[in-house]
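J.: Mind having a look at this structure? Questions to follow.
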Amino acid sequence: MSQANLSKNQKPELLNVENRRKLTWVLFLLPALLVYLVFMAGPLFDSLRLSLYTGKGYSPTEFVGLQNYIDLFTVPLWREKFFNAIINTCIFFAIHMTIQNSLGLLFANLLASDFKGRNFFRTLIFTPTTLSVLVVGFLWTLILNPNWGAVNQILTGVGLKQFALPWLGRENLALPVIALTSVWQWIGMPTVMFLAGLTGISEELIEAASIDGASEWEIFWKIKFPLIQPVIGIIAILTFVDNFNAFDVIYAMAGAKGEPAYSADLLATLFYRTGIAGEHPTGIPNMGMGATIATITFLILMSGVLVWLYFSRRNADEK
Amino acid sequence: MQKKLFAVLSILILASLVLTACGTAAPKDVTLTLGSWRTDDVAAWEAITTAFHAKYPNITVKFDPTNPPDYNATLRSQLETNTGPDLFFVRSFGVGRELFDSGYIASLKDLPGINDTFSAGARAPWATDSGEPYAVPIAAVSHGIFYNKDLFAANGIEVPTTWEDLMAASQKLLDAGVTPFANGTKDAWDINEVVMMQLLPSAVGGYDGRMAYLNGERCFNDPEIVSAFQQIADLRPYVPAGFEATSYADAEQLFAQGKAAMFFDGSWSIGQIKKDATAFQWGVFYPPALKGKDTYVSFHVDAAIGANAASKNLDAAKTFLQWLETPEFAALIGNNLPGFFPMTNEIPSLTDPIANDFMNFNKQAKGVDIRFVWEKLMDAPTDKVNAYTSLNNNVISVLKGEETPEEAANAFNADVAAWYGPASKCK
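From first to last, the protein sequence lines are chains A and B. Numbering of the first sequence is given in our numbering, commencing with residue 9 and proceeding in unit increments. Numbering of the second sequence is given in our numbering, commencing with residue 116 and proceeding in unit increments.
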């Protein structure tokens, strides 16, 4: 009897104030969800769909199943280009990960201590980050120019003429040099994030450690470093995502083909050339293959992020 | 507030509807857009379209160029979404042909006068195999070596008449502490298009020689091709110290600042060099052939204009295309764009002396031909390397000393033979 009453009352209950309040959050989510679906998820799935088609131009119509994927891994020309791009992207990422992020940590430590002109240096180190990548790429191309660039003129001036190299023209130099340019530009990012992490550490901990007789070095490795580990994780994953998507700095300094001889070709430039611009001088794009490269880039990125999520979750649970 | 806004908007919409209605009511006045990859030539094209408008007051042509590297892709997406320009520049051979085969370019087989104004050779890059034209050829470009007359005089050098003389002159310049050639390889395309493909016609014997390769009568690694690669190797001591990282724009600056004595380039740079190289006298000569060979000039078909098959004003567009056949247009393009040469049978006299020098190359040479790889050799399937890319990579390797001329020619031959039938059966 009472049960029957309950079920009768259930329907109006959905509309009562208490329950409505519980559901309002859905309404707040809707606009963002809509934007996300239309502008992010939609194109993403369309790109996945496109990778199963082939044809010339911007609307490939011929369905070929997984043939693009098979070609990418088995046809020598595609495989060579693709693995070259993957290896280059890994080198590009490794240079950022080691040099940019360890220098960022060093600078953050220096900037966290109290000294005159601290704010000036904090601003200075962040300034290149605010510039356009194309501007930075163009400036560094000029600075590194073998005919009138400042770098080679200085090297020649101090008697190191043998080191005045065509920096962007050698196959073994171009990629590291461009990566270092990019490090120069983006170093402000990890610095600021590490700085925020370091200033968040309670003074008392450090004071206690130094009273116990810990040296600066020990304080850094035993107190500060473990406490900023979550920041390190975030920076690592951001560097990973940024670098596996990197395009603009290569385009500005080595062109869409990653000259010389594809030695600076990254996944994104390979994708751009294949799927959007086509290669000079014919310029006929292959959208299906472009989408295939984009999809694989997406899978690489997703697996990286999943690994990071797994470890950061596990760390959080342990605590 | 909202009501007011609504009222204003509805008035605006109504007004625009009425205005467009007026536009269609008087069909005589049409505006055509003209797509192009020549962003540098906006002023010159304004002069040309103004002259056309003076003749046909009811048709206005608006020149609307796209950044050159993006042109092919942009045009294609416009045509596919039916937002393409009424008229547009069409690339020669494969790239343009592909658009015609896809139905985006109107056929011009009924355009009056097209067969009389242009030779079959001039029409061929924009016609089907059976000779059906789909674009009106408007401009060809030539090639040559710009040289610093002051530096030549100071070192007692005359314009050379054989390749061996040119190399001797280069050595003389190098000994005097002058960089002989400004060219580098950072941008890759220029060493291919303005150096190698400028030397190839003389090396292989012009049009007939090129046809022998296309028909499979000669192999792409025969002694003639090796000799052209050898010429690239000859240049190695005479390019700038950091040539690997010297871009096309850097090279132009090295020449214009008097730091390098010579610059392999195309006729399209006349205007730019005139603007930049003001401190010395300069001129142009064609790279002479190896001793015992005849000189053939690389006179390359560059641009034609076609009509959008889906244009609402196809008749007006065809009126414009027909006007492109007139001597009036030929004179306008030759004189407004020094370095671009009309492709009509009758060539008007040009006012620019350097442009005339380029034209004289054609008269003095044994013959002229287009760039070596343009016809047929760029249509490789997507999983093979086309002849342009292969030639480019091998030329750079030879200049850097990573490959001998023979190795480069063998690699080039292998790349082409991998997909181009006649090359795989060559003798």
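Each residue gets a CB set at the ideal place from its N, CA and C atoms; glycine is no exception. Here the structure is a predicted model, which is why all the values come from computation and not from measurement.
1) Do you know offhand how far Lys143(B)'s Cα is from Asn173(B)'s?
2) Mind pulling the chain A residues with CB within less than 7 Å of Ser192(B)?
3) Compute the Euclidean distance between the alpha carbons of Gln286(B) and Glu279(B), then round it to the nearest angstrom.
4) Assuming Thr164(B) and Val145(B) make a contact with CB atoms under 8 Å, what is their CB distance in whole Å?
5) Show which residues of chain A have a CB atom less than 7 Å away from the CB atom of Glu359(B).
6) Against chain A, does Asp498(B) count as a neighbour if the rule is that its beta carbon must be under 8 Å from one of theirs?
7) Going by DSSP, what residue range makes up the alpha helix (DSSP H) through Asn160(A)?
8) Span of the alpha helix (DSSP H) holding Trp397(B)?
9) Identify the contact partners of Leu85(A) in chain B, using a Cβ-Cβ distance below 7 Å as the criterion.
10) Looking at chain B, is there any beta carbon in it that lies within less than 8 Å of the beta carbon of Pro154(A)?
11) What is the C-beta distance between Thr290(A) and Gly209(B), in whole angstroms, given that I count them as a contact (C-beta under 8 Å)?
12) Note down the Cα distance separating Arg206(B) from Lys491(B), rounded to an integer number of angstroms.
13) When you compare the CB of Ala276(A) with every CB in chain B, is at least one pair closer than 8 Å?
14) Could you run through the segment 278-308 of chain A and flag, in chain order, every residue whose CB is less than 8 Å away from some CB of chain B?
15) Examine chain B for any beta-carbon lying closer than 8 Å to the beta-carbon of Gly263(A), and answer yes or no.
16) To the nearest angstrom, how far is it from the Cα of Ile195(A) to the Cα of Phe128(A)?
17) So is Asp325(A) in contact with chain B if we call contact Cβ pairs under 8 Å?
18) Can you list, in chain order, the residues of its chain whose CB lies under 6 Å from that of Ala283(B), leaving out five sequence neighbours each side?
19) With DSSP collapsed to three states, give me the class of Asp472(B).
20) I believe Lys89(A) touches Leu309(A) by the beta-carbon criterion, under 8 Å. Please report the beta-carbon distance rounded to the nearest angstrom.
21) For His168(B), which of helix, strand or coil comes out of DSSP?
22) Can you tell me whether Phe487(B) is helix, strand or coil according to DSSP?
23) From the beta carbon of Trp304(B), is the nearest beta carbon of chain A less than 8 Å away?
24) Which residue wins for smallest C-alpha separation from Thr148(B), given the options Val488(B), Gly536(B), Lys427(B) and Ala532(B)?
25) At 9 Å on the CB atoms, spell out the chain A contacts of Tyr503(B), in chain order.
26) Could you give the distance in angstroms between the alpha-carbon of Ala141(B) and the alpha-carbon of Ala221(B)?
27) Taking Cβ positions only, does Asn85(B) come closer than 8 Å to chain A?
28) Is it buried or exposed, Ile219(A), if we count other Cβ atoms within 10 angstroms and call 16 or more buried?
29) Sort out for me which residues DSSP pairs Thr146(B) with in a bridge.
30) Taking only runs that begin and end inside the segment 129-155 of chain A, name each unbroken alpha helix (DSSP H) of 4 or more residues, in chain order.
31) Along the segment 290-303 of chain B, what residues have a CB closer than 8 Å to any CB found in chain A?
32) Give the residues of chain B in contact with Asp256(A), contact being defined as C-beta atoms less than 7 Å apart.
33) Please confirm whether any heavy atom of the ligand GTP lies closer than 7 Å to the CB of Ser245(B).
34) Return yes when the Cβ of Phe395(B) is within less than 8 Å of the Cβ of Lys264(B), no when it is not.
35) Which residues, taken in chain order from the segment 50-82 of chain A, show a beta carbon closer than 8 Å to some beta carbon of chain B?
36) Anything in the segment 186-214 of chain B with a Cβ closer than 7 Å to a Cβ of chain A? List those residues in chain order, please.
T.: On the basis of the coordinates in this document:
1) 6 Å
2) Tyr66
3) 11 Å
4) Actually they do not touch by this definition, with Cβ atoms about 13 Å apart.
5) Pro174, Gly177, Arg178 and Pro268
6) yes
7) Ala158 to Gly165
8) It is not in any alpha helix (DSSP H) - Trp397(B) instead sits in the beta strand (DSSP E) that spans Trp397 to Phe400.
9) Asp498, Lys499 and Val500
10) yes
11) 6 Å
12) 14 Å
13) no
14) Ile284, Ala285, Gly286, Glu287, His288, Pro289, Thr290, Gly291, Ile292, Pro293, Asn294 and Met297
15) yes
16) 16 Å
17) no
18) none
19) helix
20) Actually they are not in contact, since the Cβ atoms of Lys89(A) and Leu309(A) sit about 20 Å apart, beyond 8 Å.
21) helix
22) coil
23) yes
24) Lys427(B)
25) Glu287, His288, Pro289 and Thr290
26) Low local confidence applies: a pLDDT of 45 at Ala141(B) is under 50, so the model's placement there is unreliable, with the coordinate-based value given in what follows. Answer to the nearest angstrom: the Cα atoms are 25 Å apart.
27) Residue 85(B) cannot be examined here, being either before or after the span of chain B that is shown, 116 to 542.
28) exposed
29) Thr175(B)
30) 141-151
31) Gly299, Thr300, Lys301, Asp302 and Ala303
32) Neighbours of Asp256(A) on chain B: none; closest Cβ ~15 Å, over 7 Å.
33) Judged by which ligands are present, the structure shown has none, so any question about the ligand GTP falls away.
34) yes
35) Lys64, Gly65, Tyr66, Ser67 and Asp79
36) Asn187, Ala188, Arg191, Ser192, Glu195, Gly209, Val210 and Glu213
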